[in-house]
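If you want this note's numbering, it's the position in the sequence shown, counting the first as 1, plus 1163.
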Amino acid sequence: MNEIICPHCKKAFKIDEAGYADILKQVRDHQFEEELLKRESLLKAEKESAVKLAEEQVKNKIKDDLAQKDLEIARLKAEKEREVNLSKSQSELEITELRAKLSSTETEKKLAITEAVTKIEKERDHLASEIKMKDAEKQQIELSLNSKFEAELKAKDEIIERYKDMKVKLSTKMLGETLEQHCEIEFNKLRATGFKNATFEKDNDSATGSKGDYIYREYDEAGNEIISIMFEMKNESDTTATKKKNEDFLKELDKDRNEKKCEYAVLVSLLESDNELYNTGIVDVFHRYPKMYVVRPQFFIPIITLLRNAALNSMQYKAELAVVKSQNVDITHFEENLNAFKEGFARNYNLASQKFKAAVEEIDKSIDHLQKIKDNLLASENNLRLANNKADDLTIKKLTKGNPTMQEKFKRASEE
């Protein structure tokens, strides 16, 4: 038996071997645990110290590497900035020279255009003044012709009115003779004085199947035909019991005129004696047939006179118009010369414009080339900026990635 004193109450008590061994075991276990805890605490402190040391070493290494990289990046940036500034200065100098050349070319072009426009405007004003003079002369000629024509029309109207007054007397005279005989007698009365170079004969040519009554033709001194008229005479006594109208004979008369190559056709008629249209005087039926008239017998001689005078005046007007046309031809030639000058100037201007355009294109190509160099330099600067951003974004984890040595050190430190 073993005696044991309680450290608290100081009492002594006895314990057998088994109990003593159990108490001793408890004491040893407690000491072992305390020793184990101490050792664990010590190992933990050593581990943390080792990790901190390793981290400090890695941080210092990284700081040194970063400092070296910063120095390298700063050096590269400085070099690139110098190159960019140098290229920019050269580009700006070349662009300034090209712009100066372009400005000089544009100034020369504007001066040439201004001189050419001034010259053309002077010639245009000169031409305009000449054209105005020609127009004034032309208007004077036209006014003279119109005055003459109006005077003749007035005289003809007076003749028509005078013959209208003779209507009743002549109608009474026609009762004792045929219409054809009356017209032939009236013409023969004036043949020697008023119609020296004229013929008034029966149309005896029936080769075409039909014929008119009389054909009037008149010639000038040279034998040229002045006027020709196909006449058809219609009297009430020449018709059947069925009353005819003047319009019934117009188509056949127009056919005879064309076949005998006469310029005018005239129907001398006593038909439709109550029709006021035909009783008023000379009636033109141009709306039905060209160059055709219907007259009463008293207007037989006046219609010949009117048409003959109109033909003579027409020849005179044609001669005067020929003079006017010759004057207009001179103006036309002048305008043609002006147009030829304008076309020549336009052709030379186009050639100069093409050369100018080619020069501008070459300048644009040079500017494009310089712009490409500038873009490449800006791209290099952008790559440097990206490299700097990557360096700023660097971490321990990213730095040790793919580095077995550093990964092994951190692994050992973690295991300890």
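Every residue, glycine too, gets a C-beta built ideally from N, C-alpha and C.
- In terms of Cβ geometry, Glu1343 and Met1296 do not form a close pair [threshold 7 Å].
- Under DSSP, no beta-bridge partner is assigned to Ser1204.
- Taking C-beta atoms under 8 Å as the contact rule, Leu1306 and Glu1483 fail to qualify, at a distance of about 12 Å.
- For Leu1433, the secondary structure class from DSSP, reduced to helix, strand or coil, is coil.
- With a 10 Å radius around the Cβ and a threshold of 16 neighbouring Cβ atoms, Phe1363 comes out buried.
- Leu1475 and Ile1389 have their C-alpha atoms roughly 7 Å apart.
- Leu1434 is the residue among Val1458, Arg1238, Leu1434 and Asp1366 whose C-alpha sits nearest the C-alpha of Lys1406.
- In this structure, the straight-line span from the alpha carbon of Ala1355 to that of Glu1347 is close to 14 Å.
- Assignment of Tyr1427 by DSSP, reduced to helix, strand and coil, places it in the strand class.
- If you compare the alpha carbons of Asn1539, Glu1235, Asp1527 and Lys1535 with that of Lys1264, the shortest gap goes to Asp1527.
- The beta carbon of Met1478 is closer than 7 Å to none in its chain, skipping five residues each way along the sequence.
- DSSP, read as helix, strand or coil, puts Arg1380 in strand.
- DSSP lists Leu1430 and Val1446 as the bridge partner or partners of Val1457.
- The region 1423-1439 and the region 1448-1465 touch, with no fewer than 3 CB-CB distances between them shorter than 8 Å.
- Secondary structure note for Phe1350: its alpha helix (DSSP H) is the uninterrupted segment Leu1342 to Gly1357.
- Excluding residues up to 5 positions away in sequence, Ser1250 and Ser1254 lie with their Cβ nearer than 8 Å to the Cβ of Ile1536 in the same chain.
- Lys1226 and Leu1256 have their alpha carbons spaced roughly 44 Å apart.
- For the pair Asp1419 and Gly1375, the CB atoms are nearer than the 7 Å cut-off.
- Lys1418: member of the alpha helix (DSSP H) spanning Leu1413 to Glu1422, first to last residue.
- In terms of Cβ geometry, Val1431 and Val1448 do not form a close pair [threshold 7 Å].
- Close CB contacts of Val1487 within its chain, under the 8 Å cut and outside five residues either way in sequence, are with Lys1301 and Ile1304 (chain order).
- For Tyr1379 against Ile1392, the beta-carbon gap comes to about 4 Å, under 8 Å, which counts as contact.
- Per DSSP, the unbroken beta strand (DSSP E) holding Glu1388 starts and ends at Glu1388 to Lys1397.
- The beta-carbon separation of Thr1341 and Asn1409, rounded to 18 Å, does not stay under the 8 Å limit for a contact.
- Approximately 5 Å separates the beta-carbon atoms of Phe1462 and Ile1445; this is inside 8 Å, confirming the contact.
- Annotated as proximal: Lys1319 and Leu1469, with beta-carbon spacing under 7 Å.
- Each residue's CA atom was taken as its position, placing Thr1443 and Glu1313 some 22 Å apart.
- Cβ neighbours of Glu1525 within its own chain (closer than 6 Å, five residues either side excluded): none.
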